[in-house]
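Visitor: Our numbering puts the sequence shown at residues 5 to 70.
The beta-carbon is built from N, C-alpha and C at its ideal position, and this holds for glycine as well.
A quick note: this is a predicted structure, and the numbers were derived from the prediction, not measured.
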Amino acid sequence: MNEKENKSNSGCFILIVIVLLSLYTCGSRKRIGATCRDGTSSYSTGSGTCSHHNGVRNWKYEYWWE
């Protein structure tokens, strides 16, 4: 390989890394609440959420595209 091909390959690699990082960031989610095991809903997102309702059944998330 010559120097010109090396620069071209490194440029492509950098572009691919930037695209992958942006896709990873865009796919991130934010926890916005929970459904408790007894059926109640909570907007709490931290430790102790649903502690008086038998714990968390599942977490609710907000995605960037919603």
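Following the continuous beta strand (DSSP E) through residue 67, name the residue where it begins and the one where it ends.
Guide: First-last of the beta strand (DSSP E) with residue 67: 60-67.
Visitor: Report all residues from its chain with a CB closer than 7 Å to the CB of residue 44; omit the five preceding and five following residues, and keep chain order.
Guide: Result list for residue 44: 57, in chain order.
Visitor: Exposed or buried, what is residue 40 when buried is set at 16 or more other beta-carbons lying within 10 Å of its beta-carbon?
Guide: Burial call: buried.
Visitor: Go through its chain and collect everything with a Cβ distance to residue 18's Cβ below 8 Å, but skip five positions before and after it.
Guide: So the list is empty, once near-sequence residues are dropped.
Visitor: Quick one: what does DSSP say residue 45 is sitting in, helix, strand or coil?
Guide: Here residue 45 sits in strand by DSSP.
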